[in-house]
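Undergrad: Dropping a structure here in C-alpha cells format, bear with me for questions.
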Amino acid sequence: MDPITAPPPDQLESSVSVYEMIREDIIAGRLVPNERLKVGELASRYDTSTNPIREALQQLRGEGMVVMEANRGARVRPIDADFVRDIIEIEMLIEPALTKWFVSVVSEKDIAELEAKQAEIEALNFADPAAHGRLDTQFHQLMYDRHYNRHAAELWWKHREILRAISRRYPTSLSRRQAVLSEHRELIARIRAQDAEGAAAVVERHVEGSGRHIIEQMGIAQRKAPRRQPG
4 MDPITAPPPD
14 QLESSVSVYE
24 MIREDIIAGR
34 LVPNERLKVG
44 ELASRYDTST
54 NPIREALQQL
64 RGEGMVVMEA
74 NRGARVRPID
84 ADFVRDIIEI
94 EMLIEPALTK
104 WFVSVVSEKD
114 IAELEAKQAE
124 IEALNFADPA
134 AHGRLDTQFH
144 QLMYDRHYNR
154 HAAELWWKHR
164 EILRAISRRY
174 PTSLSRRQAV
184 LSEHRELIAR
194 IRAQDAEGAA
204 AVVERHVEGS
214 GRHIIEQMGI
224 AQRKAPRRQP
234 G
C-alpha cells in the first residue's frame, strides 16, 4: 500500500499550506473563538487568492475547527476540552483497529524500526517538545502508514496533527512523560508477542491518557489566566 499522502512531520514547518496556517492561528488563539472568517480578509492576511482560502475552510470544517452557518459564513469553533474529547473518542476507536492489523502483518524489520524510533524518543527525553512530537508521530506512523484503509489512516493523521499542535501550547507533566515511554515499550512487547488484543488495549490506554493530559493542562492554563474585569 502507498504511504499516507500527507507530508511527513519533519517537513510541515518548512512547507506550510494556507490550511495549516489558518489551523495554527485557530489553535494558537490568533483567530479567536467565534470570530467570523471572511474569505477576502483571510486572502489578504495570508497573501493568497480566495480559492485556497475556501478550500482550507472546507477542510477545517470537516475537521470540526470551523463552523459554517447559513447566510452567515464561517466562524472559528472554540478549541476547548469538548473539542479535544471528541477527537480523542474517535481516535480510541480508530487506533486500536489500525494496531490490530499491524500486528497481523508485522515483520522483524518493523519491530527493529519501532525499537530504533523508541530509542530516539528516550534519548531525547522530552528535551525538545517539538522534536519529541515529531518522533512520537513517526513512531505511530510506522504502524499505520501501510494500512489498507486509507480513509482511516488519513483521519488518524489529521487528528494527530491537530492534537500535536494543541499540545505544543502546554507542558508535559513528569508522570505523563513516564507513562508515554512505558506505554511505548509495552506496545512493542505486545506486538513482538503477536498479542493483537493486548497491543490494541495498550494503544487505547495510550490515546486516552494523552487526551486526558491535554484536557487537564487546558484546565490548569484556564485557571491561571487573568480574569477579565466586567465593564
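Count along the sequence shown starting at 1, add 3, and that's the number in our numbering.
We put the beta carbon where it would ideally sit given N, CA and C, even for glycine.
All values derive from a computational prediction rather than experimental measurement.
(1) For Thr53 versus Ala46, is the C-beta distance shorter than 8 Å?
(2) Hey, quick one: how far does the beta strand (DSSP E) through Met68 stretch, first residue to last?
(3) In or out: Glu98 buried (at least 16 other Cβ within 10 Å) or exposed?
(4) Would you mind giving the Cβ-Cβ distance between Phe142 and Ile124, rounded to the nearest angstrom? I have them listed as a contact below 8 Å.
(5) Helix, strand or coil, according to DSSP, for Ala228 in the structure here?
(6) If you compare alpha carbons, which of Phe86, Gly222, Pro229, Glu189 is closest to Glu207?
(7) Name the DSSP beta bridge partners of Gly76, please?
(8) Return the residue from the list Pro174, Asp139, Ala204, Val183 that minimises the CA-CA distance to Glu219.
(9) Is it the case that the region 184 to 198 contacts the region 120 to 136, given that we only count it when at least three CB pairs across the two stretches are under 8 Å?
(10) Contact check, Val205 vs Arg193 under 8 Å by CB: the rounded distance?
(11) Go through its chain and collect everything with a Cβ distance to Leu127's Cβ below 7 Å, but skip five positions before and after it.
(12) So Val79 packs on Val87, CB below 8 Å; how close in whole Å?
TA: Reading from the atomic positions:
(1) Along the sequence shown, read from residue 1 onward, the residue named residue 53 stands at position 50. Along the sequence shown, read from residue 1 onward, the residue named residue 46 stands at position 43. Taking 8 Å as the Cβ cut-off, Thr53 and Ala46 qualify as a contacting pair.
(2) Counted from its first residue, the sequence shown places residue 68 at position 65. Premise fails: Met68 is in no beta strand (DSSP E) and is neither H nor E.
(3) Indexing the sequence shown from 1 puts residue 98 at position 95. Under this definition Glu98 is a buried residue.
(4) Numbered from 1 along the sequence shown, position 139 holds the residue referred to as residue 142. Numbered from 1 along the sequence shown, position 121 holds the residue referred to as residue 124. So it is a contact: roughly 7 Å between Cβ atoms.
(5) Position 225 of the sequence shown, counted from the start, is the residue given in the question as residue 228. Of the three classes helix, strand and coil, the one that applies to Ala228 here is coil, per DSSP.
(6) Residue numbering aside, residue 207 sits at position 204 when the sequence shown is read from its first letter. Nearest option by C-alpha distance: Glu189.
(7) As a working note, residue 76 is residue 73 in the sequence shown. For Gly76, which the question treats as bridged, DSSP gives the partners Glu72.
(8) Residue 219 sits at position 216 when you count from the first residue of the sequence shown. Minimum Cα distance to Glu219 is reached at Pro174.
(9) yes
(10) The count along the sequence shown starts at 1 and reaches residue 205 at position 202. The count along the sequence shown starts at 1 and reaches residue 193 at position 190. The pair is a contact, with the Cβ atoms about 6 Å apart (cut-off 8 Å).
(11) One-based indexing of the sequence shown puts residue 127 at position 124. Cβ within range, chain order: Ala134, His135, Leu138.
(12) For this step, residue 79 is matched to residue 76 along the sequence shown. For this step, residue 87 is matched to residue 84 along the sequence shown. 16 Å between Cβ atoms; not a contact.
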